[in-house]
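Below: one structure, written as structure tokens.
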Amino acid sequence: MVTDEKPPKPIPKLKGIPFVGSTFDFARDPLGFLTGLQRQYDRLVQFKAVGRLITLTLTPEDAKHILQENNRNYVKSAAYDVLKMFLGNGLLNSEGDFWRRQRRLAQPAFHKQRLALLVDGMNRETTGLISQWKNRDLTGPTLVSEEMMHLALAVVTRSLFSSDVKNHLENVSESITIIIQTAYKELFNFFPFTRNWPTPRTVRYRRAVRKTEAIIYEIIESRRRQPAEIRHDDLLGMLMETRDEETGEQMTNQQLRDEVTTIFMAGHETTANALSWTFHLLATHPDITEKLREEINRVLGPDNLPTVETLRELTYTTQVIQETMRLYPPAWIFGRQPLHSDQFGDYRVEVPGADGMLICPYLLHRDPRYWENPETFDPEHFLPEQVKLRPTYAYLPFGGGPRLCIGNNFAMMEMQIVLTLLIRDFDFQPVDQKIVEPEPGITLRPKGGLRLRVQARPNTGLPVS
Ligand code: HEM
């Protein structure tokens, strides 16, 4: 039979070393490697890494196609398997009907009205840090990235479990760091079967998982032992209460464990990194800090704490956060696995053959086709009239489609609160002229940690306790 259908255009493919492909180039300098590809190719490019054929997508249209329009053709990529041992079948990892049911059950807990109940806790954790800083000798540089990690962990802990478990969780942050770092290293492991071998790396990983898991089970069990009439306005309380509309079933301890662990991990590294980058950028852009302070002063005055209502008025603050996550998206890359072949304009991604598809917010957010002066930190990029001119998926710090981050409103609220309160009461300045490099892992961190000179501002803010 003769058809007039055009054959698909071949997708450009990097040569690389046999079997190894581009693994080493990618692993050595992921941002440099991918940025180089973005400069050479305009839509799709394929390369081999860890024995798999990877397709990098470079346009908002294709990101939208994968995440939204044809999302049922895609599952989370193999990279997520690495986290599975820790996160189990939580929202981030699960698929299909199970994921849909869990998402339905968890969604009400993240509704804006429910989140409003968490504002008070976020304010308390932040003012707690302010008091600590005001009572501390801040003469030397402050490791702001570590402070943000502790603060974000405290916020997510309080939001999940109220305040009654803080001492349980003291060492959990360290375990989570071990888990996240091991998971990232495993992405470049040519021999995934070695994950089951008792190497020092896997032993450390398993120990960290066991430690975190035991604490989370203990919290769930102690909550179950409490009388039913005691209600908790926290995320765990919501997740324990919620019932499936069709079956009336509630989550089992195992499901609660998986969801709580997922929220716990997904909800603090990301936010902490976004906050660190914000303080880094503000320290190097005093004009933007000043404009931000004008808004804070106008909306909050010298000593009011943010409320749900005032948070809505903090439009410039929101733009500053959005712009930070444009330049340094915490979830800088994520992947999908195609189930069947798929068409991208004149190109066709063939299955079997193609393995992972990569969507890279870091590249899309700096693409000069969609951003004027993409390398400049300029919150005006997020003026409503500018936003209207861009394709929606040119900016996707929280992903998109049905798997959009469930915690996006939570994260925005938290970042607004922390940013406004700390900027009102403290000055942040660079320690030296050194450029702070981004270090890509599962999230995008400031390499070597972010150190800034922090100084209390006179006559502002909350009283020192
Ligand atoms: C700045 C902060 C954050 C960023 C940049 C971020 C980013 C993301 C992204 C990009 C995804 C989608 C991943 C994919 O499609 O493969 C995601 C999913 C998710 N995030 Fe966030 N996140 C943030 C904060 C939070 C917070 C605070 C929570 C919880 C309190 C949270 C919980 C989750 C969960 C449970 C998922 C899986 C959702 C699903 O697949 O149904 N995240 N996040």
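In terms of the numbering used here, the sequence shown is residues 1 to 465. Every residue gets a Cβ at the ideal spot worked out from N, C-alpha and C, and that includes glycine. None of the values given here were measured: they were computed from a predicted structure.
Query: Run of the alpha helix (DSSP H) containing L31, from where it starts to where it stops; Result: 30-40
Query: Coil, strand or helix - A394 by DSSP; Result: helix
Query: Same chain, Cβ closer than 6 Å to I11, neighbours up to 5 away in sequence not counted; Result: L44, Q46, Y347
Query: For E542, three-class secondary structure by DSSP; Result: Residue 542 lies beyond the stretch modelled for the chain, which goes from 1 to 465, so this question has no answer here.
Query: Beta-bridge pairing of A456 - partner residues as DSSP gives them; Result: F426
Query: Closer than 7 Å: M325 CB and nearest the ligand HEM heavy atom; Result: yes
Query: Integer-rounded CB distance, given that I178 should sit under 8 Å from Y217; Result: Rounded, the Cβ-Cβ distance is 19 Å, inconsistent with contact.
Query: heavy atom of the ligand HEM below 7 Å from A109 C-beta; Result: no
Query: Check: C405 C-beta below 7 Å from any heavy atom of the ligand HEM; Result: yes
Query: Own chain residues within Cβ distance below 6 Å of L138, not counting five before or after; Result: V454
Query: Beta-bridge pairing of R224 - partner residues as DSSP gives them; Result: Note: R224 sits in no beta bridge, so no partner.
Query: Residues bridged to A49 (per DSSP); Result: G21, R52
Query: Straight-line Cα distance separating D378 from E323; Result: 7 Å
Query: Separation of F382 from N373, as counted between CA atoms; Result: 13 Å
Query: Distance, P361 Cα to R326 Cα; Result: 8 Å
Query: Cut-off 6 Å between Cβ atoms - residues of its own chain near W133, not counting five sequence neighbours on either side; Result: none
Query: Closest residue to M413 among Y393, F398, R451, R312 (Cα-Cα distance); Result: R312
Query: Simplified DSSP assignment, three categories, for E437; Result: coil
Query: Contact between the segment 439-457 and the segment 142-155 (3+ Cβ pairs under 8 Å); Result: yes
Query: heavy atom of the ligand HEM below 7 Å from T442 C-beta; Result: Note on identity: in this sequence residue 442 is Ile, with Thr being the wrong assignment. No, the beta carbon of I442 sits no closer than 7 Å to any heavy atom of the ligand HEM.
Query: Bridge-paired residues (DSSP) for V119; Result: V119 pairs with nothing; no bridge assigned.
Query: Contact test: A116 Cβ vs the ligand HEM heavy atom, cutoff 7 Å; Result: no
Query: Buried/exposed call for L389, threshold 16 Cβ in 10 Å; Result: exposed
Query: Minimum length 4: unbroken alpha helix (DSSP H) runs contained in the segment 247-289; Result: 253-266, 269-283
Query: Extent of the continuous alpha helix (DSSP H) to which F98 belongs; Result: 96-106
Query: Outcome for I220 when other beta-carbon atoms lying within 10 angstroms are tallied against a minimum of 16; Result: buried
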